[in-house]
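What follows is a single structure, written as C-alpha cells, with notes after it.
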Amino acid sequence: MKKSLLAVALLGAFAGVAHAQTAVQIYGTVDAGVTKRTDQTLAIGKRANNTLGFKGTEDLGNGLKALFQLEIRYEPDTGTIEQGAGGIQRPLFQGQSRVGLQGDFGMIRLGRGLTAFQETSTAFEPWHGLPTPAGFQTDLQVAGYTSDPLGYPGNSTNRFSNAIFYNSPEVAGFQLNTTIGMKEALGGPYIGKGTAAAPQYVTGKEASTLPYSVTATYKNGPGALYIANERNAVESRLWSIGASVMTTPDLKLMASYQRQNQENTVLRNPITKAWILGANYTMGPGKILAGYGQKSPDGVAKTKQASLGYEYSLSKRTYVYADLSNKKGGVQVPPSINTYSLGVNHAF
Amino acid sequence: MKKSLLAVALLGAFAGVAHAQTAVQIYGTVDAGVTKRTDQTLAIGKRANNTLGFKGTEDLGNGLKALFQLEIRYEPDTGTIEQGAGGIQRPLFQGQSRVGLQGDFGMIRLGRGLTAFQETSTAFEPWHGLPTPAGFQTDLQVAGYTSDPLGYPGNSTNRFSNAIFYNSPEVAGFQLNTTIGMKEALGGPYIGKGTAAAPQYVTGKEASTLPYSVTATYKNGPGALYIANERNAVESRLWSIGASVMTTPDLKLMASYQRQNQENTVLRNPITKAWILGANYTMGPGKILAGYGQKSPDGVAKTKQASLGYEYSLSKRTYVYADLSNKKGGVQVPPSINTYSLGVNHAF
Amino acid sequence: MKKSLLAVALLGAFAGVAHAQTAVQIYGTVDAGVTKRTDQTLAIGKRANNTLGFKGTEDLGNGLKALFQLEIRYEPDTGTIEQGAGGIQRPLFQGQSRVGLQGDFGMIRLGRGLTAFQETSTAFEPWHGLPTPAGFQTDLQVAGYTSDPLGYPGNSTNRFSNAIFYNSPEVAGFQLNTTIGMKEALGGPYIGKGTAAAPQYVTGKEASTLPYSVTATYKNGPGALYIANERNAVESRLWSIGASVMTTPDLKLMASYQRQNQENTVLRNPITKAWILGANYTMGPGKILAGYGQKSPDGVAKTKQASLGYEYSLSKRTYVYADLSNKKGGVQVPPSINTYSLGVNHAF
C-alpha cells in the first residue's frame, strides 16, 4: 500500500472529494513484555489489551454524523484472538462492534461494547483499566462483578451484546451515559443458586430482566466525579462512585467505591464491597503509577492489593514500562502473590 | 493512521509511483437495528450482511488487470464472525476470497464466492438479496436450495469453495457468468436418502458430480432478463428465470421463478417451485420496497410471504430503514409470523 | 476509502505531521491455482502462503525505531483462516505478531514468529520456503523437525510463541539471529516416548528446557553462507548449514544440509539427516526453479524429491506459475507421488 496512496489520493482529488470527509481509520496497540509471578515460570505477556481496529465518521450535514467502530482484540505472545477463561476464543471484534449516529442530541449506537459503568469507571483507576495484574480494574474495581453472566463461555465480563448505547452531550460539566441490553438469549448456562446439573439459568435462557447500565459524570476544572448503577441479565445490581483531582498539573489523585448485590443468584453472602485509592505522577517523559485497594465479600476473606508502576515515553505513541504488585488474601493460592513485569507498548 | 498518510503519500511520490495504480481498498458495511418477531423477545439484529473487506486492482498493461478481494462477514450485535446454523462460526472471509485476472476476455477468478446463480438473481429480488426476514432471497427465491451441501457445518449455503469463476464481457447487452467447483471433499456429512447413522454422503466424501452454475443476463434500456442453471455437489439441479423493468425512472418492477429438483437425495416430493413479485419506488431520499412470493414444495404446504419496507438516505453511504413482513404456511411454528425491524445501515 | 484518503492526508497536513513518520501499512498475498496429485482429484490449492498483514514503523529519534507487525494467514480456496493438521484453525495472526525496537544495536522483538533457523534457511531453498509440494522446505529442509512440539493442536511447526527475537546489525557481512522461547505451557500433549494414554508431555506441561534458535549468516559479493542451531521445547536438537552463490547475475545455485537429534523423545532411530541442491535461473520476466533432495531418517526408508518450476512475471507484484514434482520413498502411500500445479500469485 506504501507507494500507491498518492495515486489513490490524486484519483480522489480528480473525482471530487467534497462530500468525502470520512475514511476508514486503522488503529491499534501492541503491548508485550516479560512477566514473573511468584508461583509461575517467566512468561511473555501483556500489560494492556491489544487491539487492531477499524473506525470511521461520516458528516451527514446539520451537525449529524454517522459513525462505526470495529475492534479486534488479540494476544501477541501467541498470535491468537483474545482468549477468555479456559483458553476459549472471544469474539473477533471483542473490543467493540458498533454503528450509530451523533448530533446535538448526543451519540446513540447499536451493537456490542463496554457498559456505561465499565467504561466510565476506568478513568478513576490508577492503571486506567489495563488488565495487567498490577491494575485494579479486573478484580478489585468491579469486585468480581460481571456485566455479561449469560454470554458465551469465554466472553469478557464487562460488555453488553445486543445493546443500545446512549451518551448525552456534556452540559455544564455533566454527562449521562446509558446502556440497555436486550433479553436475547446468548450462551450460558449460569449455575447461580442451582447446580451444574440443574443451573439457575439453563443454556440459551433469556435474561430474567432487562439489563441496563447508567452513569453520570461531572467535571469541574481539576476535579471529576462519577456515579454508576448497573443491573445485569441475572439481576445482580451494583452501585459505584468515584472521584479524581489534579492537585498540581503533574499529580492526579483518585478514589472509587463499589457495592454489589447478588441476592438473586447466590445462597449466602450476596454483598461485595471494594475500594481503591490511586495516584499518577508525571515527571517529563516519565510517569509513576501507584495504588492500593481492598475487596470485601461478606463472609469471605478480604483481598488486599498494592501496586507500583513506571512508564517512560519514547514518543507520543510508544512507551516502556515496569510494574510490581502484591496481592494478599481472598481465595487465591498461594495466599500472597508478587508479580513483576517489564515491556513495551506501541500505539499505531 | 490519520496524520501520517500524507507523509506516506509524499514518500511514495518521491519514490516514483508510475506503475503503482493499485492500492488496498478497505470497505464494508455496518447494519444494526431493533427487531421484533411474533414469537420472540425484542432483539438487536441485522437487516443486511455486515462486511469488512480488502480489495485491490493492479494494471498490468495491455488492458490486463490483476485483482483480489477478501471479505470478512461479522455480527455487530455480538462482535463475532458471521455464524451459521447452530451458532457455528463461518469462514473468516465468508464474503469471498478470490484472486484473478481481468481483460478483454472478461474476468477469471479462483477461490471462494457466490455462485453465478446466487449472485445474478439478487438483482431481481425487491430487497436485493438482503438476509432480513422481510427479504425473499434466503428462503423463497432459492426455494431452500443450497449451493454448498457438502461444506463445513455452519457454512453459508450460496457459495462454492474451491471454484473457478468466469464472467464474460458484456456484448450487445448479453453477459455470461460461470462458476465451476471442484469435487474436492470439504465437510459433510449429508444425510440425503440415508440416515444420520448412514448418511448418503459420509463426512469427507467428494462430490459425486462436478458442481457448476451458469447464468446469462440481457440488458436493454429499462429492461433486464436472466436465466440460470445450477447443479450442486449432491446433484440437486435448479432452473431460474427473472425479469425487471424500470417503468419510470423511479419505479422498478421485478419477478422471478425457480424450479428445483432433488431427485438424487430425497425419497419423495423432489420438486420445489417458487415465485416472487417485487417493486422498488424511489421518492427523493426515500425508497419503498414491496414484495410478495410463494414457495411450493410438492406434497408440502405452501409458504406465502408479503413484505413492505422503507429506506431513508441520510447520505450516499448511510440510511435508516423500517421493514414489516408476514410469512404464512410451510412447516414453521407458529404458522403465521410477523417481523418488524428498524435500524441503520452505514457503508464505508 | 478511495476518495477520502486525500481529505485525510490534507487534514494530516494541516494538523502538522512533523513527528508522524509512521503509518499502518496493509500488505499481503493471494495465491491460488489448480493442483493435481497422483492419487487425488483435481483441486484448487495454493503454492505460497496467503497473507493479509498490518505493519508499521515509528521513528523515535536518535536512530531508534518502534515497529510492529501482525500477519493473518488464510486459505483462499475456502475463505478460512489457515488450517493445520486435521483441519484445525491456526491462530488469526499465524504469520506473526510482534512488537519491538530497532536501533544501532540491531532489532529486538517480542511475540510470536518464525524461529531464527526457520527464517534464515528459506533463502537457501530453491522455492524460497513456499509450502507447495514442489518446494523442499516443509518436509525435506527441516527433515520433519518441528520448532513448536508443545503448541496448540494444528499450530504451525516452525514458530516460537512467547519468544524474544534478536537480530544483530550486519557487520562486515556477518549477522547473528537469535530466538529464545519461554517455558510457558501452551497446548500439548506430546506423546514422545510415552503412549496416547500416558504421553511423555501431558497437556499444559511446560517445556523441559528453554527453547532457542541461533543462526549466523555471512554475505560476500555473490556468495552467502549460514549455520544454524536450534533446540525445541522437548529437547530435540538440530544443526543446519547452507550456502548459495550467484554464478552469473541470472543463475543462483544453493545447497543445504541438516542433522536432527530426537534422543529425548523417540525410542530408536533418533537421527534424521537431509540435504537439498537447488538452482534459480532468471530469463527476463521468466524464472526457472529446480531442486533435488533427500531425507534419511536412520532405520527408515529414504525420501527422495525432484522438482521443476517456472514463474512468469506479469508485473512486479503478479506472476503466474507452473510446478511439477516427484516424491519417492519414505512412508508415503502411494510410494511415488507426482504433483502438478498451475496458478497465479498476486502481492498487494
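Protein chains in written order, with the numbering used here: chain A, -17 to 330; chain B, -17 to 330; chain C, -17 to 330. Idealized CB from N, CA, C, for every residue including glycine.
- When DSSP states are grouped into helix, strand and coil, D305 of chain A belongs to the strand group.
- The C-alpha of G95 of chain B is placed about 16 Å away from the C-alpha of K28 of chain C.
- If you look at E212 of chain C, you'll find it in the beta strand (DSSP E) that goes G205 to R213.
- Excluding residues up to 5 positions away in sequence, I26, K28, P58, D59, G325 and V326 lie with their Cβ nearer than 7 Å to the Cβ of A14 of chain B in the same chain.
- Taking 9 Å as the Cβ-Cβ cut-off, the segment 168 to 180 of chain A approaches chain B at L168 and G169, given in chain order.
- Residues of chain A with a Cβ closer than 7 Å to the Cβ of F75 of chain C are, in chain order, Y56 and G61.
- The C-beta of I63 of chain B has 16 or more other C-beta atoms within 10 Å across all chains shown, which makes the residue buried.
- Within the DSSP bridge table, the entry for Q84 of chain B names B:K47 and B:M89 as partners.
- Going by beta carbons, Q100 of chain B and R80 of chain B fall outside the 9 Å limit.
- Under DSSP, Y263 of chain B forms a beta bridge with B:L233 and B:I270.
- Flagged as an interface residue toward chain C: A14 of chain A, by a C-beta distance shorter than 9 Å.
- Under the criterion of beta carbons closer than 8 Å, P131 of chain C and N214 of chain C qualify as touching, at roughly 6 Å.
- In the structure shown, F118 of chain B adopts coil according to DSSP, grouped into three states.
- A direct Cα-Cα distance of roughly 17 Å separates S150 of chain C from N202 of chain C.
- Closer than 9 Å to the CB of Y194 of chain B there is not a single CB belonging to chain A.
- Here the alpha carbon of A30 of chain A sits roughly 29 Å from the alpha carbon of Q65 of chain C.
- In this chain, the alpha helix (DSSP H) harbouring T102 of chain A covers A98 to S103.
- The three-state reading of DSSP puts Q123 of chain C in helix, counting H, G and I together.
- When Cβ-Cβ separations below 9 Å define contact, G10 of chain A makes contact with chain C.
- If you check the CB distance, E53 of chain B and G35 of chain B come in under 9 Å.
- Between K277 of chain A and D121 of chain A the beta-carbon gap is near 7 Å, inside 8 Å, which marks them as a contact.
- Annotation: Cβ neighbours of I26 of chain B in chain A (cutoff 9 Å, chain order): L92, G93, R94, S143, N144, A145, I146, G163, M164 and E166.
- Residue environment: T160 of chain C is assigned as buried (16 or more neighbouring CB atoms within 10 Å of its CB, all protein chains considered).
- Two segments are said to touch when three or more pairs of C-beta atoms, one from each, lie closer than 8 Å; by this definition the segment 184 to 197 of chain A touches the segment 163 to 173 of chain A.
- Counting every other CB atom within 10 Å of its CB across the protein chains shown gives M265 of chain C a total below 16, marking it as exposed.
- Excluding sequence positions up to five before and after T11 of chain A, its CB lies within less than 8 Å of the CB of A30, N31, N32, T33, N327, H328, A329 and F330, all in the same chain and listed in chain order.
- Taking the CA atoms as reference points, R299 of chain B sits about 9 Å from L42 of chain A.
- Rounded to whole angstroms, the Cβ separation of I223 of chain A and E107 of chain A is 13 Å, and the two are not in contact under 8 Å.
- With a threshold of 16 other beta carbon atoms within 10 Å, E40 of chain A meets it and is buried.
- Among the residues of the segment 291 to 312 of chain A, those with a Cβ less than 8 Å away from any Cβ of chain C are L296, S297, K298, R299 and T300, in the order of the chain.
- Contact of A48 of chain A with chain B is assigned, a C-beta pair being separated by under 9 Å.
- The three-state reading of DSSP puts G68 of chain B in helix, counting H, G and I together.
- F75 of chain C and G61 of chain A have their C-alpha atoms roughly 5 Å apart.
- Boundaries of the beta strand (DSSP E) harbouring Q157 of chain A: F156 to G163, taken from the DSSP string.
- Under DSSP, T197 of chain C forms a beta bridge with C:N159 and C:A210.
- Within 8 Å of the CB of F87 of chain B, no CB atom of chain C is found; the nearest one sits about 14 Å away.
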